[in-house]
Structures are given as structure tokens and as C-alpha cells.
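Numbering-wise, the sequence shown is residues 3 to 497 according to this note's numbering.
Since the structure comes first, as C-alpha cells, the remarks are kept for the end.
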Amino acid sequence: MNLKTTPIFDNSYARLPQQFYSCQLPEAVSAPGLIRVNHALAGYLGFDPHWLESAAGVELIAGNYIPTGAQPLATAYAGHQFGGWNPQMGDGRAVLLGEVIATDGKRHDIQLKGSGRTAWSRNGDGRSPLGPVLREYIVSEAMAVLAVPTTRALAAATSGEWVRREERLPGAVLVRVARSHIRIGTFQYFASRQDHGALRALVEHVIQRHYPGAAQAENPVRAMLDGIVARQATLIARWQSLGFVHGVMNTDNILVSGETIDYGPCAFMDAFDAAAVFSSIDQSGRYAYRNQPHIAHWNLSMLAQALLPMLHEDHDQAISTGQAAIDVFPDLYMAAYQQEMRRKLGLTTEQKDDNALIQDLLELMQEHQTDFTLAFRRLSDLADPENSTANHVSSIFEFPAAFNPWLEHWRSRTGSEPQPAKARQLAMYSINPAFIPRNHLLEEAIAAAVSRQDFSDFHALADVLARPFEFDAERQRHALPPRPEQIVRQTFCGT
Ligand code: AMP
Ligand code: MG
């Protein structure tokens with residue numbers, strides 16, 4: 003027997019007070035089938051990727067086999083959904099197997115999503131259809147390669163069972179990896195119950211796990227809050243710089259670790275549109291692209307409110323401390339955003355007109371419905387006139403003539419940069435992807451898997467997105483924007 007099939011579990015969340023979770027075994031499924039194992043991530047976490055692909059490994063992925071040392075549980079949380087308060091949510095279709103320490107010493111949650119009913123399921127079946135599992139696998143892994151903090155996909159399996167939604171759909175389970183699954187809504191859950199003992203335990207856990215430096219601060223809770231605010235600012239700036247629309251920024255879907263979670267109704271935009279919203283349930287556009295920074299700010303103020311009893315024993319002082327921590331968000335975000343956008347334009351120095359340069363480009367793109375991803379990639383081609391055109395995207399994208407004055411402006415701005423053109427181009431190629439998980443490709447891959455059990459498009463897409471910064475003609479199909487009839491206007495929550 004191979005002894006090193008799974009890593010050793012160390013379950014710090016299970017050592018928290020009992021009101022944090024319910025002990026919960028996944029519900030076994032009848033006929034699990036392997037979809038995909040993420041070999042690199044498996045190795046990093048200490049799983050044997052080949053064992054995970056074996057019949058025994060697939061039993062683990064699907065929730066039929068509990069690895070030694072795991073202590074499965076479903077966590078408690080609450081949250082604001084589309085602005086409305088929901089006092090009790092929790093893991094209704096997910097089970098935390100436990101935590102493992104990766105090769106670099108970092109602790110990670112191993113969670114099964116779609117693994118059956120829990121104490122928090124209410125009327126839900128605890129299951130996930132195949133489509134949302136494939137979507138999360140592709141998009142979360144693409145985000146990771148694009149250097150966006152995110153939960154990861156370790157593996158996925160079909161359950162061999164049907165899931166009842168509006169129609170009957172094949173079921174699946176995703177093994178999700180996260181630095182932790184602690185949400186703003188986890189704090190809200192205990193705060194709303196005025197369970198200060200639990201709130202204190204949670205603060206200590208989060209500081210130890212995610213913000214160890216805060217322990218030394220004069221006010222550790224404030225320092226933790228500052229850290230969470232700062233990570234949200236850089237996270238949202240990354241989203242904006244890639245044209246990513248999360249779609250369901252409820253407070254239960256915001257991790258205090260600063261990782262992106264919940265790939266239900268998300269989408270990367272094709273043509274730039276500041277008002278882009280994809281989620282079928284977001285009628286008012288609350289979570290539109292341009293609103294994401296404001297919503298993050300609002301979510302953080304909900305966190306500060308939940309932390310009030312911990313911030314200071316005097317209520318007024320607590321409020322002013324929390325307010326001060328939250329007030330810095332817009333400036334932190336704007337600084338992070340402008341830095342991201344300057345890098346996308348190949349600028350290493352700061353000049354006062356840079357922001358206007360960025361805004362002018364976005365306005366042109368909005369007006370001409372320009373493909374966001376390919377525009378920045380084409381700009382990267384143009385950054386070094388000497389470079390060969392072999393890997394240019396000009397075969398699939400060119401700026402319309404209306405962009406010429408802006409391009410002249412940009413060329414003169416880059417002319418005042420200390421960096422040589424070649425280095426600028428390399429830097430731009432390394433952050434402006436040619437490939438993103440385009441919605442029409444995702445939908446095609448999902449449709450083939452769901453209707454014909456054909457996973458070849460899914461695997462091809464996952465393989466292309468593993469190298470998003472290398473463009474070549476062979477992979478051109480995956481870089482193309484959708485034809486008009488392929489445009490996906492709505493995405494659906496994975497429930
Ligand atoms: P989400 O929209 O994915 O953020 O989920 C919102 C809440 O609904 C969470 O508490 C989930 O655990 C719960 N939930 C979603 N889908 C299901 C399901 N199929 N069965 C039980 N609970 C679910
Ligand atoms: Mg959620």
C-alpha cells in the first residue's frame with residue numbers, strides 16, 4: 003500500500019467552539035466517475051495525484067471515502083444577500099474535510115462542494131449539478147494562473163446521480179481548496195447572536211491564521227480589520243484589471259483571507275462595458291462591473307459593524323475605530339487599481355495624466371464595444387515595434403481607426419519611460435493575457451459534458467488556460483471573442 007496517498011490532516015477549525023459548525027459526513031453517491039485532477043495542486047498539498055485518479059481516489063473526491071485524520075464538518079455563517087439580511091445560511095451543500103499543510107508550510111482547507119445535505123441545507127438537496135462544478139473548476143484555476151487570489155480546484159468527479167432542478171441534470175462534486183472558508187458572514191453570524199465569546203475566538207483564529215502580524219499591534223482587532231480592508235482593495239483591483247465580474251458579492255461570499263470565492267454567476271467580459279452584469283438574479287445591477295469597488299466597501303463596513311464589540315469596550319470609540327479602518331478603502335482601492343492599469347499600459351513610472359490616459363482608453367472601448375482582453379494584448383504587441391509579429395494577435399484583433407489619436411498619446415507617454423521597449427513588451431505580455439475563460443467557450447464545454455458526457459472541450463479549455471500569456475495561432479480559437487450568436491448574456495447561480 004502506498005502510504006503517501008493523502009497528506010496529514012490538522013483540523014484547527016474543528017477545535018473551535020461547537021457553535022462554529024455541525025459535524026457532518028458527506029452523503030455517499032452511487033457511481034462516482036473521475037472528471038479531472040489538478041496534478042500540480044495535488045503535489046503541492048501532499049496528495050498523490052495518480053492515487054487521486056485511481057478508483058480509491060475518486061471515492062475520496064466524491065465523498066464516499068473519508069481520509070484518515072479528516073474531521074468533516076459544515077460551517078455556520080450568515081450574510082447579506084443582495085443587500086438583504088439572512089441570519090442563518092451555513093454550508094448547505096459543502097463539507098469541510100479538514101485542513102492540510104502544503105509543502106511551503108501554508109495551511110489549506112480541503113472542502114467537498116455538492117456533497118449532500120447538512121444541518122444548514124434547509125430545503126436544498128446539498129447537491130451540485132455538473133455545469134457549475136465545471137465552471138468553478140475552469141474559472142477558479144484560470145484566476146489562479148492570472149495571479150488573482152482565489153480558492154482553487156483540486157479535483158472533480160461526477161456522482162452518477164441525477165440532480166433535480168428545473169430539469170434533471172447530472173450531479174458532480176468539486177474538491178475546493180482555500181486558505182480558509184471564513185467569510186464576512188461568519189463574523190456576522192456570531193455578532194448578530196451577540197455571542198461575544200465566539201466572536202473573540204473567531205478573531206483570534208483569523209489573526210493567527212491570516213494576519214499573524216496583527217497580534218503584536220496595539221489593537222489587534224483593528225490591525226486585522228486593516229489587513230482585510232487592504233487585501234479586498236488589491237483583490238478588487240485585480241478583478242477590474244481583468245474585466246472579471248463576480249456577480250454575487252454577498253457578504254457570505256467574501257473571504258476574510260482575501261481570496262475570491264463563489265464562481266456561480268461570474269463572467270469575464272468580452273466587449274468592455276462598465277455596466278456589465280451577467281447574473282440572472284441581479285435585476286438591479288447591484289453587482290455590475292463598475293459597482294464592485296463600492297460593494298466591497300459596503301461589505302467591509304458590514305464586517306466593521308460585526309466587529310464593533312471587539313474593537314473597543316467603549317461603543318463610540320469602537321465606531322470611530324471601525325469607521326477609520328473602513329474610510330481608507332476608496333483610496334487604497336484607487337491606488338491599487340491605477341497601479342494595475344499602469345502596468346497593463348506598460349508604464350513603470352507615475353505621471354499626473356496617467357489616470358486620464360486610462361479613462362480615455364476605457365471610454366473609447368466602451369463606445370466601440372472593444373474586446374477588453376484583446377485590446378490590452380494588442381497594445382502589448384505594439385509596445386515594441388522591432389519585435390516579430392509571429393505571436394501577435396493582429397490576425398484576430400485590430401484597434402479601429404478611432405483609437406489612433408489615443409495610441410499616439412500612449413506612444414508618446416511610453417517614450418518618456420526609462421524602460422526599453424523590449425522589456426516593456428515582455429512585462430506587458432506577462433500580465434495582459436491572450437486567453438481568459440470566455441463565457442461562450444465555458445457554455446460550450448459545459449453543454450457537451452452535460453448532454454453528451456463529452457469532456458474533451460472542458461479539458462481543452464482547462465489546458466489552454468493553464469498558459470494564458472502565451473499566444474500562438476494554434477490556440478487562436480480559444481482567444482476569439484464570441485460571434486454575435488455566441489454571446490452569453492446571463493449566467494446562473496450554481497444552486
Ligand atoms: P450561494 O448562492 O452559493 O452563495 O449559496 C447561498 C446559500 O444557499 C448557502 O448557505 C448555501 O449553502 C445554500 N445552498 C445553495 N445551494 C444549495 C443546495 N443545493 N442545497 C442546500 N443548500 C444550498
Ligand atoms: Mg456562497
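Beta carbons are placed, not taken as given, at the ideal position from N, Cα and C, and that holds for glycine.
query = Say the cut is 8 Å; is the CB of V135 nearer than that to a heavy atom of ligand 1?
reply = no
Proximity below 9 Å, CB of M271 to CB of Y291 = yes
ask   = Among the residues of its own chain, which have a CB less than 8 Å from the CB of N66, if the five just before and after it don't count?
value = P28, A30, V31, P34
Candidates V490, M343, A42, of which the one nearest T236 by Cα = Comparing Cα-Cα distances from T236 to each of V490, M343, A42, the minimum goes to M343.
key: CB of L444 within 9 Å of CB of H411, strictly   = no
message = Can you list, in chain order, the residues of its chain with a C-beta nearer than 6 Å to that of F246? Leave out the 5 residues immediately preceding and following it.
response = F270
inquiry  = I'd like the span of the alpha helix (DSSP H) that includes G199, first residue to last.
reply    = Start and end: 198–212.
request  = For I10, name the three-state secondary structure that DSSP assigns.
outcome  = coil
key: Environment of K6 [buried if 16+ CB atoms lie within 10 Å]   = exposed
ask   = Is N406 helix, strand or coil by DSSP?
value = helix
query = In whole angstroms, what separates the C-alpha of I238 from that of Q294?
reply = 7 Å
key: Where the alpha helix (DSSP H) through T70 begins and ends   = Boundaries cannot be given for T70, as no alpha helix (DSSP H) includes it and DSSP labels it neither H nor E.
Other residues of its chain near G45: CB distance less than 7 Å, five sequence neighbours each side excluded = Same-chain partners within the cutoff: P51.
query = If you draw a straight line from the alpha carbon of V330 to that of V165, how long is it in whole angstroms?
reply = Whole-angstrom Cα-Cα distance: 45 Å.
request  = Reducing DSSP to helix, strand and coil, say where M3 ends up.
outcome  = Residue placement at M3 cannot be trusted, given a pLDDT of 42 that sits under 50; what the coordinates show is reported in the next sentence. Three-state DSSP puts M3 in coil, outside helix and strand.
query = Would T120 be called buried (16 or more neighbouring beta carbons within 10 Å of its own) or exposed?
reply = Around the Cβ of T120, a 10 Å sphere holds 16 or more other Cβ atoms; the residue is buried.
task = List in chain order: all unbroken alpha helix (DSSP H) runs of 4+ residues lying wholly within the segment 156–196.
result = 186–194
inquiry  = Can you tell me whether M91 sits near ligand 1, meaning its C-beta is under 8 Å from at least one heavy atom of the ligand?
reply    = Flag set: Cβ of M91 near ligand 1.
ask   = Going by C-alpha distance, which of P267, K346, R440, G92 is nearest Y431?
value = K346
inquiry  = According to DSSP, simplified to helix, strand and coil, what is S281?
reply    = In the three-state reduction of the DSSP assignment, S281 falls in the strand class, which pools E and B.
ask   = By Cβ distance, which residues of its chain are closer than 7 Å to A203, with the 5 residues on each side in sequence left out?
value = L18, P19
key: Beta-carbon gap between P267 and S281 smaller than 9 Å   = yes
Minimum C-alpha distance to Y191 - residue among A80, A298, I263, L364 = A80
task = Indicate, with yes or no, if ligand 1 has a heavy atom lying under 8 Å from the CB of Q83.
result = Q83 has its Cβ nearer than 8 Å to a heavy atom of ligand 1.
inquiry  = Just to confirm my understanding: we take G249, look at its own chain, exclude 5 residues before and 5 after, and list those with CB closer than 6 Å. What are they?
reply    = Excluding residues within five positions, the ones whose Cβ falls inside 6 Å are P267, C268, F280, S281, Y289.
inquiry  = Looking at ligand 1, does it come within less than 8 Å of A155, judged from the CB to the closest heavy atom?
reply    = A155: no, Cβ never under 8 Å from ligand 1.
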